[in-house]
Amino acid sequence: MGPPVTGIDDLPVRDELRGQSPYGAPQLDVPVRLNTNENPYPLPDALVARIAERVTEAARQLNRYPDRDAVELRTELAAYLSRTAGHRVGSDQVWAANGSNEVIQQLLQTFGGPGRTAIGFEPSYSMHALISRGTGTGWISGPRDADFRIDVDAAVREIHRRRPDVVFVCSPNNPTGTAVDAATVLALYEAAQAAKPSMVVVDEAYGEFSHRPSLLPLIEGRPHLVLTRTMSKAFGAAGLRLGYLAADPAVVDAVQLVRLPYHLSSVTQATALAALEHTDTLLGYVQQLKDERDRLVAELTAIGCAVTESDANFVQFGRFADSHAAWRAILDHGVLVRDNGVPGWLRVSAGTPAENDAFLDAVRTVVKEHSDQQHIRHHRTEESA
Numbered sequence: 199m200g201p202p203v204t205g206i207d208d209l210p211v212r213d214e215l216r217g218q219s220p221y222g223a224p225q226l227d228v229p230v231r232l233n234t235n236e237n238p239y240p241l242p243d244a245l246v247a248r249i250a251e252r253v254t255e256a257a258r259q260l261n262r263y264p265d266r267d268a269v270e271l272r273t274e275l276a277a278y279l280s281r282t283a284g285h286r287v288g289s290d291q292v293w294a295a296n297g298s299n300e301v302i303q304q305l306l307q308t309f310g311g312p313g314r315t316a317i318g319f320e321p322s323y324s325m326h327a328l329i330s331r332g333t334g335t336g337w338i339s340g341p342r343d344a345d346f347r348i349d350v351d352a353a354v355r356e357i358h359r360r361r362p363d364v365v366f367v368c369s370p371n372n373p374t375g376t377a378v379d380a381a382t383v384l385a386l387y388e389a390a391q392a393a394k395p396s397m398v399v400v401d402e403a404y405g406e407f408s409h410r411p412s413l414l415p416l417i418e419g420r421p422h423l424v425l426t427r428t429m430s431k432a433f434g435a436a437g438l439r440l441g442y443l444a445a446d447p448a449v450v451d452a453v454q455l456v457r458l459p460y461h462l463s464s465v466t467q468a469t470a471l472a473a474l475e476h477t478d479t480l481l482g483y484v485q486q487l488k489d490e491r492d493r494l495v496a497e498l499t500a501i502g503c504a505v506t507e508s509d510a511n512f513v514q515f516g517r518f519a520d521s522h523a524a525w526r527a528i529l530d531h532g533v534l535v536r537d538n539g540v541p542g543w544l545r546v547s548a549g550t551p552a553e554n555d556a557f558l559d560a561v562r563t564v565v566k567e568h569s570d571q572q573h574i575r576h577h578r579t580e581e582s583a
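In this text, residue positions in the sequence shown follow my numbering: the first is 199, and each later residue adds one.
This is the structure in structure tokens:
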């Protein structure tokens, strides 16, 4: 007789983790994958060659620990932000980690934790809640309007009432694509300072795709405001796992209290530095994706879908009586999109023109085939008409 089978419920897992599911999108082998907001364009050959050179140089020193503080990388990230985001920052205002998720984790380890709470306005990026739970931080789900924008008055009231230690704001928001204006962030920031004071984290993972200017200038004179970014989207480097923040130098000093020693490998730093040398080329791909996103919005609207206004490299579309059935029907046509669990809505990443054509053809077919079937019928709402 073999040993007894052990499951998670048989382990002394923390109570707040019981019954939870790990974050992740389906990884299926289909012709067109548009479900994880990746940049669909492979890195250009010149950049691949430069990465090889940089990594080769780093490999000669792999017997030594990497630069613990990633000074060169932070300097180049600061230069990139200063040039593209409308506000000059120094290297002492920038911190980098393994993806923006680790940046968020370090912020919650520093400013959240047991006995503290964080608030986000949902639907929004689900990792904010998951990382909060993982760090023992209580999670508060704040309100949004029916059009998925933050209801400023309701949000301010909730901050005053709940007095959270960390406030998360996504701009553009994932999964809806909606951007947040500076006035909204300032209203939430003022409410957060009056309540505790608290940290306000603006997640700009998709910032380079937005029609609006970056919210980076708002950090000036606001030591409790943090802006996070990633190289996964605009830089087409999801496999690199490099995220970063910009904030008051005191915030950078604070997160170093919880960062693991030598957390960014020499290879990661070398690869990121090579990518930053090719910023202009990579941002050219961003413009192509913005054009394709706008085409998706126009085409989906013409098909009869409701579409949420998007400032990101993805589009939320609907509405379906059964969004999961709609997701499955589109998948049956060889196209994988994302079912985020927002009732009636699905999300599609902007791909190459050919991928987007395949997606649009699939949606046209699905809407036509199932227009008379209640379980998947598409609903055109008054506000989207």
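For glycine and all other residues, C-beta sits at the position ideal for the given N, C-alpha and C.
None of the values given here were measured: they were computed from a predicted structure.
When you compare each of Asp451, Arg342, Tyr460 to Glu356 by their alpha carbons, which one comes out closest?
From the listed residues Asp451, Arg342, Tyr460, the smallest Cα separation to Glu356 is found for Arg342.
Report all residues from its chain with a CB closer than 8 Å to the CB of Glu580; omit the five preceding and five following residues, and keep chain order.
At Glu580 the pLDDT is 40, less than 50, meaning the model places this residue with poor confidence and gives no usable figure here.
For Ala448, which residues of its own chain have a beta-carbon under 8 Å away from its beta-carbon, when the five flanking residues on both sides are left out?
Hits under 8 Å: Pro421.
Quick one: Cα of Arg578 to Cα of Gly502, how far?
Below a pLDDT of 50, predicted positions are generally treated as unreliable, and Arg578, at 48, falls in that range; no measurement from the model is reported.
Own chain partners of Val513 with C-beta closer than 8 Å, once the 5 adjacent residues on each side are dropped:
Excluding the 5 residues flanking it on each side, Val513 has same chain C-beta neighbours closer than 8 Å at Gly375, Arg491, Leu494, Val495, Leu498, Val505, Thr506, Arg545, Val546, Ala548, in chain order.
Which of helix, strand or coil DSSP assigns to Ser289
In the displayed model, Ser289 falls within a helix according to three-state DSSP.
Compute the Euclidean distance between the alpha carbons of Asn554 and Pro238, then round it to the nearest angstrom.
Those two C-alpha atoms are separated by around 11 Å.
Three-state secondary structure (DSSP) of Gln467:
Here Gln467 sits in helix by DSSP.
Quick check on the DSSP output: what are the complete beta strand (DSSP E) runs of length 3 or more inside the region 447 to 531, in order along the chain?
The DSSP assignment places 512 to 516 as complete runs of the beta strand (DSSP E) inside the region 447 to 531, in order along the chain (cut-off: 3 residues).
Quick one: measure Cβ to Cβ for Ala390 and Ser396, integer angstroms, because I've assumed they're closer than 8 Å.
With a Cβ gap of about 4 Å, Ala390 and Ser396 count as contacting.
Please report the distance separating the alpha-carbon of Ser322 from that of Arg258.
The C-alpha of Arg258 is placed about 43 Å away from the C-alpha of Ser322.
Identify, in the order they occur along the chain, each residue of the same chain with its Cβ nearer than 6 Å to the Cβ of Gly542, setting aside the five sequence neighbours on each side.
Within the same chain, Gly542 has close Cβ partners Gly516, Arg517, Phe518, Ser521.
Alpha carbon to alpha carbon, how far is Ser508 from Gly334? Give it in angstroms, no decimals.
Straight-line spacing of the CA atoms in Gly334 and Ser508 works out to 33 Å.
Which value, in whole angstroms, describes the spacing of the CA atoms of Asn233 and Ala560?
It is roughly 15 Å from the alpha-carbon of Asn233 to the alpha-carbon of Ala560.
Please list, in chain order, all residues of the same chain as Glu320 whose beta carbon is under 6 Å from its beta carbon, the five residues on each side excluded.
Same-chain partners within the cutoff: Ser339.
From the DSSP output, which residues share a beta bridge with Ser547?
Answer by DSSP bridge pairing, in chain order: Phe512.
Which value, in whole angstroms, describes the spacing of the CA atoms of Ser582 and Ile329?
Confidence at Ser582 is low in this model, with a pLDDT of 40, below 50, so the placement of that residue should be treated as unreliable; the coordinate-derived value is given next. In this model, Ser582 and Ile329 are separated by some 34 Å (Cα to Cα).
Can you find at least 3 beta carbon pairs, one from the region 279 to 298 and one from the region 434 to 447, that sit closer than 8 Å?
As far as the Cβ criterion goes, the region 279 to 298 touches the region 434 to 447, which means the pair count is three or higher.
Can you tell me whether DSSP reads Phe309 as helix, strand or coil?
Shown here, Phe309 sits in a helix according to DSSP, grouped into three states.
Express the C-alpha separation of Val400 and Pro373 in angstroms, rounding to a whole number.
Cα-Cα distance, rounded: 15 Å.
Residues in the same chain with beta-carbon distance under 8 Å from Gln572, minus the five sequence neighbours each way, listed in chain order, please.
At Gln572 the pLDDT is 46, less than 50, meaning the model places this residue with poor confidence and gives no usable figure here.
Which of helix, strand or coil DSSP assigns to Asp207:
In the displayed model, Asp207 falls within a helix according to three-state DSSP.
Would you tell me roughly how many angstroms separate the C-alpha atoms of Ala392 and Leu386, rounded to the nearest one?
Cα-Cα distance, rounded: 10 Å.
Should His568 be labelled buried (16 or more other beta-carbon atoms within 10 Å of its own) or exposed?
Buried, because 16 or more other Cβ atoms sit within 10 Å of the Cβ of His568.
Minimum length 3: unbroken beta strand (DSSP E) runs contained in the region 219 to 307:
Here the runs fully enclosed are 292 to 295.
Out of Arg361, Leu215, Leu279, which one is the CA nearest neighbour of Leu425?
Considering only Arg361, Leu215, Leu279, the residue with the shortest C-alpha distance to Leu425 is Leu279.
Do Glu406 and Val484 have their C-beta atoms within less than 7 Å of each other?
Cβ atoms of Glu406 and Val484: closer than 7 Å.
Option nearest Gly318 by Cα separation, candidates Arg360, Ala277, Gly284, Gly419:
Comparing Cα positions, the closest option is Arg360.
Where Gly437 sits in the DSSP three-state scheme:
Gly437 carries a coil assignment under DSSP once its states are collapsed to helix, strand and coil.
The beta strand (DSSP E) with Thr315 in it runs from where to where?
Per DSSP, Thr315 belongs to the beta strand (DSSP E) from 315 to 319.
From the DSSP output, read off the bridge partner residues of Tyr442.
DSSP links Tyr442 through a beta bridge to Ala294, Arg427.
Return the CA-CA distance between Asp363 and Gly336, expressed in angstroms with no decimal places.
A direct Cα-Cα distance of roughly 10 Å separates Asp363 from Gly336.
Residue interval of the beta strand (DSSP E) (run including Ser339)
Counted as a single uninterrupted DSSP element, the beta strand (DSSP E) harbouring Ser339 occupies residues 336 to 340.
Tell me which same chain residues have a C-beta within less than 6 Å of the C-beta of His476, skipping the five on either side of it?
Only Leu245 meet the Cβ criterion.
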